[in-house]
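Reviewing the structure listed below.
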Amino acid sequence: MNRKLRRLTLSAMAAAALAAPFAVHMSAQADEPLKVGFLVKMPEQAWFINEQKAATALGQKEHFSVVNIGTPDGEKVLAAIDNLGAQGAKGFVICAPDVRLGPAIQARAKRYNMKFVTVDDQLVDSTGKPLANVPHLGMSAFKIGNQVGQAISDEMKHRGWKPEEVGALRITSYELPTAKLRTDGATQSLLANGFKKENIFDAPQKTTDDEGGFNASSPVLAQHPNIKKWVIFALNEESVLGGVRATEQLHIPAADVIGVGINGAGEAFAEFQKKEPTGFFGTIAVSSTNHGRESTENLVEWIEKGKQPPADTQTTGKLMVRSNWQQVRQELGI
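For this note's numbering, count along the sequence shown from 1 and bump the result up by 16.
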């Protein structure tokens, strides 16, 4: 009986010895700070740089770490999620390069038991509907488009322009739902203010940056040499700036161009600081800093406290022009 008891005791001690390293490992993992990812489709754009900086700053303040990753295509998105999973991240914020990647992103996140939220662009399922149970923080794309159209209309009236003499360059990216909503909203406001529908010309862009805006705009402007005054609107201010550069190449005076973008970032600030005004009249500024901070905060609260963020939070913006850009920038914390 004593020998049997001794064998049992030795077995228990051996099991405890084997379990000890595992327990230490689990304890170390539990003591590690929370890690989350912040994935953006165009890491070189000022808007996304600001978002990631804000997320990182929040992490430093609240004692969690943020892994910033650029994901310009679907393959890189999935690789980034694998990377985060290997690092033990508990979740991520994402602005995907294609909103139709929704089901693939959801499946990959589930593999690693990670929660995720979307920012700026809302992911959709196979039927094109917003992906269920994925909280989103974005801009009210249509309403911000309305603001663009209204700003253009107000400035046209201020300059005394007659609608029949003006062409509208609508730089489009219809495969991105957010882009379509923004340009549709701008179009609605322009038409409501008396703009001529037949004077709106589409310029489909391949990329949503300055170069994409320039390449889309140049041929459309060249096709309508009889139009001397132009208004320009698009998904973002980079595309509008590309359109403005195209008018300059064709020697259309800045006084005959009204370009209004969306975002409120570095390129707009640089434009407002030029010695002479350009055709870039203004932008509907939205705080990318707030978007980065709030989306990350929502994710962390969900992970740590089980508090799921609202399904769809929408923000609007404020018109930023040459005369008030510094004040608006300060107000929005950009």
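Glycine included, each C-beta is placed from N, C-alpha and C at the ideal position.
All figures in this text were calculated on a predicted structure; none of them were measured in a lab.
C-beta atoms of residue i and residue j nearer than 8 Å
{"i": "residue 64", "j": "residue 56", "result": "yes"}
{"i": "residue 186", "j": "residue 230", "result": "no"}
{"i": "residue 333", "j": "residue 248", "result": "no"}
{"i": "residue 12", "j": "residue 194", "result": "Any question about residue 12 goes unanswered here, given that the chain covers just 17 to 350."}
{"i": "residue 320", "j": "residue 153", "result": "no"}
{"i": "residue 211", "j": "residue 241", "result": "no"}
{"i": "residue 223", "j": "residue 54", "result": "no"}
{"i": "residue 228", "j": "residue 255", "result": "yes"}
{"i": "residue 120", "j": "residue 161", "result": "no"}
{"i": "residue 132", "j": "residue 123", "result": "no"}
{"i": "residue 219", "j": "residue 236", "result": "yes"}
{"i": "residue 93", "j": "residue 62", "result": "no"}
Alpha-carbon to alpha-carbon, residue j and residue i
{"i": "residue 130", "j": "residue 184", "result": "45 Å"}
{"i": "residue 147", "j": "residue 267", "result": "46 Å"}
{"i": "residue 215", "j": "residue 243", "result": "9 Å"}
{"i": "residue 45", "j": "residue 71", "result": "Because the pLDDT of residue 45 is 48, which lies under 50, any placement of that residue in the model is unreliable, and the number read from its coordinates should be weighed accordingly. Taking the straight line joining both Cα atoms gives about 23 Å."}
{"i": "residue 335", "j": "residue 167", "result": "8 Å"}
{"i": "residue 191", "j": "residue 176", "result": "36 Å"}
{"i": "residue 298", "j": "residue 338", "result": "7 Å"}
{"i": "residue 294", "j": "residue 257", "result": "10 Å"}
{"i": "residue 135", "j": "residue 155", "result": "9 Å"}
{"i": "residue 274", "j": "residue 326", "result": "37 Å"}
{"i": "residue 60", "j": "residue 282", "result": "12 Å"}
{"i": "residue 272", "j": "residue 246", "result": "6 Å"}
{"i": "residue 38", "j": "residue 163", "result": "Note that residue 38 has pLDDT 41, beneath the 50 cutoff, so the model's placement of it is unreliable and no number is given."}
{"i": "residue 300", "j": "residue 188", "result": "17 Å"}
{"i": "residue 276", "j": "residue 296", "result": "6 Å"}
{"i": "residue 288", "j": "residue 341", "result": "8 Å"}
{"i": "residue 66", "j": "residue 83", "result": "14 Å"}
{"i": "residue 96", "j": "residue 114", "result": "15 Å"}
{"i": "residue 172", "j": "residue 165", "result": "11 Å"}
{"i": "residue 43", "j": "residue 232", "result": "Note that residue 43 scores a pLDDT of 38, beneath 50, so its modelled location is shaky; the value from the coordinates is reported in the next line. Distance between the alpha carbons of residue 43 and residue 232 is about 56 Å."}
{"i": "residue 78", "j": "residue 317", "result": "11 Å"}
{"i": "residue 157", "j": "residue 315", "result": "22 Å"}
{"i": "residue 151", "j": "residue 348", "result": "23 Å"}
Coil, strand or helix - residue i by DSSP
{"i": "residue 342", "result": "helix"}
{"i": "residue 231", "result": "helix"}
{"i": "residue 223", "result": "coil"}
{"i": "residue 336", "result": "strand"}
{"i": "residue 39", "result": "Summary for residue 39: the model assigns pLDDT 42, below 50, so the residue's position carries little reliability; its value from the coordinates is reported in the next sentence. Residue 39 falls in the helix class under three-state DSSP."}
{"i": "residue 330", "result": "strand"}
{"i": "residue 298", "result": "strand"}
{"i": "residue 279", "result": "strand"}
{"i": "residue 193", "result": "helix"}
{"i": "residue 150", "result": "coil"}
{"i": "residue 212", "result": "coil"}
{"i": "residue 161", "result": "helix"}
{"i": "residue 350", "result": "coil"}
{"i": "residue 141", "result": "coil"}
{"i": "residue 183", "result": "strand"}
{"i": "residue 131", "result": "strand"}
{"i": "residue 170", "result": "helix"}
{"i": "residue 218", "result": "strand"}
Inside the stretch 42-123 only - alpha helix (DSSP H) runs reaching at least 4 residues: The DSSP assignment places 62-78 and 90-103 as complete runs of the alpha helix (DSSP H) inside the stretch 42-123, in order along the chain (cut-off: 4 residues).
What are the uninterrupted segments assigned as alpha helix (DSSP H) that are 4 or more residues long and contained completely in the stretch 240-272, given in chain order? Correct list: 253-265.
If contact is defined by three or more beta carbon pairs under 8 Å, each pair taking one atom from either stretch, is the stretch 100-107 in contact with the stretch 137-146? The answer is no - the stretch 100-107 does not touch the stretch 137-146, with fewer than three Cβ pairs under 8 Å.
Is the stretch 303-311 close to the stretch 249-269, with three or more CB pairs under 8 Å? Of all C-beta pairs linking the stretch 303-311 to the stretch 249-269, fewer than three are shorter than 8 Å, placing the two stretches out of contact.
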